[in-house]
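Beneath this line is the structure, given in structure tokens, with notes to follow.
What follows is the structure, encoded as structure tokens:
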């Protein structure tokens, strides 16, 4: 991670909303709140940061059904593999192993109460 990166290790960094209709969600949030989006295809749109048009603060992720539990909170990690190991050592369950996505890699885990969070890294 570069010294000038706006991301902080293990800080709340990004929030994803699961939606069943991506176009309808973009329309709604755009009209209601003025949100703007970056399209990454039919299943994902990034929510642009209103302070920095090149940055993103979250995303809309299309899925056939919205899972209980609300938005998906993502933490940032300077070392994704070390974060996977730390989650396991602390008693969390990795529910989605690390995978690549445009912009880096990430994994999902469940905490001891069953809350699902994600962790992402630029590498």
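In this note's numbering, the protein residues as written are 28 to 150.
C-beta atoms are modelled at their ideal positions from N, C-alpha and C, and glycine is treated no differently.
- DSSP lists 73 as the bridge partner or partners of residue 65.
- Contact between the region 130-147 and the region 90-109 is present, with at least three C-beta pairs closer than 8 Å.
- Cβ contact annotation for residue 83 (same chain, cutoff 8 Å, sequence separation greater than five): 41, 65, 73, 74, 75, 76, in chain order.
- By the 16-neighbour rule on beta-carbons within 10 angstroms, residue 78 is exposed.
- For residue 108, the enclosing alpha helix (DSSP H) covers residues 107-116.
- In the structure shown, the three-state DSSP call for residue 52 is helix.
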